[in-house]
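Visitor: Heads up, the sequence shown is in the working numbering, so the first residue is 153 and it goes up one at a time.
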Amino acid sequence: MIKNNLPDLKKARKRNKIETIISEYTKNNKIKDIGLNKKFLIETHGCQANEADTEVIKGMLVSQKFTETNILEEADLVLINTCAIREGAENKVFGELGRLKSFKRLNPNMIIAVSGCMPQEEATVERILKHYKHVDIVFGTHNIDQFLEYLNYVMVEKKSLIEVFSEQGNITEHLPHSRQHKFKAWVNIMFGCDEFCTYCIVPYTRGKERSRRKEYIIEEVKELIEQGYQEITLLGQNVNSYGLDFEDYNYAFADLLADLAELGIPRIRFTTSHPKDFSDELIDVIAQYDNVMPYIHLPVQSGSDKVLKKMNRKYTKEQYLTLVDKIYQKIPHVSLTTDIIVGFPTETEEDFQETLDLVRKSKFEGAYTFIYSRRKGTPAATYETDVTPEIAKERLHRLNELVNEGYATGNKRFEGQTVKVLVEGPSKTKEDILTGQTENNKLVNFKGNIDLAGQIVDVYIKKAKTWSLDGELK
Ligand code: SAM
Ligand code: SF4
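#1: CB-CB under 7 Å to K513, same chain, minus the five flanking residues each way: which ones, in chain order?
#2: For a test of the three-state rule: what should DSSP assign to Y520, helix, strand or coil?
#3: In terms of residues, what are the limits of the beta strand (DSSP E) holding T350?
#4: State the Cα-Cα distance for the pair G600 and K256, rounded to the nearest angstrom.
#5: Out of G395, L415 and K461, point me to the one whose CA is closest to T172's CA.
#6: With a Cβ-Cβ cutoff of 8 Å, do L574 and I608 count as a contact?
#7: Is R165 near ligand 1, in the sense that its beta carbon is under 7 Å from a heavy atom of that ligand?
#8: Could you check if A560 is buried or exposed, using at least 16 other CB atoms within 10 Å of its CB as the buried criterion?
#9: Keeping to the same chain, check which residues put their C-beta closer than 6 Å to that of D288; ignore five residues upstream and five downstream.
#10: Using only the alpha-carbon positions, how far apart do T540 and G495 sit?
#11: For ligand 1, I want to know if T357 counts as a neighbour, meaning its beta carbon is within less than 7 Å of at least one of the ligand's heavy atoms.
#12: Apart from the five residues just before and just after G558, which ones in its own chain have a Cβ nearer than 8 Å to its Cβ?
#13: In whole angstroms, give me the CA-to-CA distance for Y467 and D457.
#14: So does the segment 190 to 197 actually touch the segment 372 to 381, counting three or more Cβ pairs closer than 8 Å?
#15: Along the chain, which unbroken stretches of the beta strand (DSSP E) at least 3 residues long are found entirely within the segment 178 to 216?
#16: Would you say F405 touches ligand 2, meaning its beta carbon is less than 7 Å from a heavy atom?
#17: Helix or strand or just coil, what does DSSP make of R365?
#18: Look at the Cβ atom of C269, then the Cβ atom of R365, and state whether they are nearer than 8 Å.
#19: Can you list the alpha helix (DSSP H) stretches of 4 or more residues lying completely in the segment 284 to 334, in chain order?
#20: When DSSP labels each residue in this structure, what does T590 get in the three-state scheme?
#21: Rounded to a whole number of angstroms, what is the C-alpha to C-alpha distance between C352 and R465?
#22: Kindly indicate which three-state DSSP category D346 falls into: helix, strand or coil?
#23: For V354 versus C345, is the C-beta spacing smaller than 8 Å?
#24: Where do the ends of the alpha helix (DSSP H) carrying V494 lie?
#25: List in chain order: all unbroken beta strand (DSSP E) runs of 3+ residues lying wholly within the segment 496 to 561.
#26: For K184 and Q200, what's the separation of their Cα atoms in angstroms?
#27: Looking at the secondary structure, which residues open and close the beta strand (DSSP E) in which A605 lies?
#28: Could you pull out every residue in the same chain whose Cβ sits closer than 8 Å to the Cβ of D432, ignoring the five residues on either side in sequence?
#29: Could you say if the segment 203 to 221 and the segment 290 to 308 meet the contact criterion of at least three C-beta pairs nearer than 8 Å?
#30: Rounded to whole angstroms, what's the CA-CA distance from A227 to L460? Just pull it up for me.
#31: Locate the beta strand (DSSP E) running through N392, then write down its first and last residues.
#32: Whose CA, out of I341, Q272 and M342, lies closest to the CA of E319?
#33: Using 10 angstroms around the beta-carbon of E630, count the other beta-carbons present and answer buried if the total reaches 16, otherwise exposed.
#34: Following a CB-centred definition, is Q389 positioned closer than 7 Å to any heavy atom of ligand 4?
#35: Quick check on G247: does DSSP put it in helix, strand or coil?
#36: Does the segment 441 to 448 come into contact with the segment 416 to 432, if we say contact requires no fewer than three beta-carbon pairs (one atom in each stretch) closer than 8 Å?
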């Protein structure tokens, strides 16, 4: 295997005051139609950032005349876009890579590629080099724009290749996209993360925080509007620190959100918000514009001040609850959801009770809940703990019961109301039942014609269930 560059987590941790270089994606004219009569299959793990990256990779492949398949046996190229956030996610990828070995034996021309956050870790790359020699291309999060170069090299030279950069990352504009949805789109507004929560691998795998210039974002959203998109979701690991890295002008996330709302796209969502940076201006913008959706995902992680401090979250339980109060006062119809980790090193039953108390007081209408997973290279990986896997599992169970009550209560409040639904398409189980999302991000099922897909319609809510709403087209 050609090893051009290998990952280095220590290097990835460094934050230097180097200006972010913005470049335009350039097509290599020597690489032309290499996908003619060839099929690709991409498996995407992890968060929306990975889903957005997959859309770029697909865009590159489609530009080379590759077509997509979901049948492994007929794929000429299989790419796994990986997530490193928890050990479980990584194990799944290794299991998948192991399974691919037999497919490659049957079809030796099959090219297997691994991308995303896992290749940014030394341990992953060492393991691939040692045990998964059938992998042909390994690249990371900072060089997606080079993917076609790597693919062409492997196809022509019949050699495998690995290239992972641990530098802080630049921004490439005008990348091709093959978007998954026809009326909903992800829009990256920034990359990387500088928060360094002590449990989290993201600042190492995705590099320093760097914001896209507003001109590029506005241009992208205008194009989406022209193409008939109804909804955009602005993406960043902490969207509230958007613009803090601009040295030449003052432009914060609240300014960007207001400018985008003025463009008139029917729905704008954003994720993820760090509570410590959630400004009053931002709350005002969400309250002011009808096309900024009344739905905020506000990860809290824990309700214990001791644990929050050890996590380096930079707020207390009281500060979080004050923010939540302020949001409910100014945007009374808002739905709040969160992320919570249980079993963080040294978490006691009292600490956990603080978390349950915070969940009750915050009236969350949903939460992603996780058992802490030790990530090599992060500060928390060195913390001692007496939280056993059994204790963590039992806490997760108790937390989920409470969270589920929040889901049900959050849905119940819409019973008897008429809500606006962006129609997704037919439900998975019944052809004549349509499914879609309300402004508050609730899933609604109702009878209707498939032609309504992509439209925003009024639906009367007849019955609320724990995970969804049953409605009737108005
Ligand atoms: N940047 C976002 C934030 O701060 O909320 C999302 C980051 S991450 C992709 C999504 C969630 O994964 C985090 O909010 C956290 O709850 C969880 N997570 C991150 N690292 C973890 C770890 N080592 N163990 C368990 N859960 C983790
Ligand atoms: Fe990870 Fe914290 Fe950054 Fe979110 S804000 S990506 S949890 S370091």
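We treat Cβ as the ideally placed atom computed from N, Cα and C, and that holds for glycine.
Note that the structure is a prediction, hence the values are computed from the model and not measured.
Guide: So, to answer that:
#1: Excluding positions up to five away in sequence, the list reads L473.
#2: strand
#3: T350 -> no beta strand (DSSP E), and no H or E assigned at all.
#4: Between the alpha carbons of G600 and K256 lies a gap of roughly 44 Å.
#5: G395
#6: yes
#7: no
#8: exposed
#9: I263, I264, V306 and S312
#10: 8 Å
#11: no
#12: Within its own chain, the residues whose Cβ lies closer than 8 Å to the Cβ of G558, once the five positions on either side in sequence are excluded, are V511, K515, F516, E517, G518 and A519, listed in chain order.
#13: 8 Å
#14: Counting Cβ pairs under 8 Å, fewer than three are found: no touch.
#15: Listed in chain order, they are 191 to 196.
#16: no
#17: Taken through DSSP and simplified to helix, strand or coil, R365 comes out as coil.
#18: no
#19: 299 to 309
#20: T590 carries a strand assignment under DSSP once its states are collapsed to helix, strand and coil.
#21: 11 Å
#22: coil
#23: yes
#24: Taken as a continuous stretch (DSSP letters only), V494 belongs to no alpha helix (DSSP H), being part of the beta strand (DSSP E) at S487 to V494.
#25: 519 to 523
#26: 30 Å
#27: Premise fails: A605 is in no beta strand (DSSP E) and is neither H nor E.
#28: K478
#29: By the Cβ criterion, the segment 203 to 221 is in contact with the segment 290 to 308, since at least three pairs of Cβ atoms, one from each stretch, lie closer than 8 Å.
#30: Straight-line Cα distance between these residues: approximately 46 Å.
#31: Per DSSP, N392 belongs to no beta strand (DSSP E) and is neither H nor E.
#32: Q272
#33: Missing from the structure shown is residue 630; the chain here goes from 153 to 626 and no further.
#34: Judged by which ligands are present, ligand 4 is missing from the structure shown, whose ligands are ligand 1 and ligand 2.
#35: helix
#36: yes
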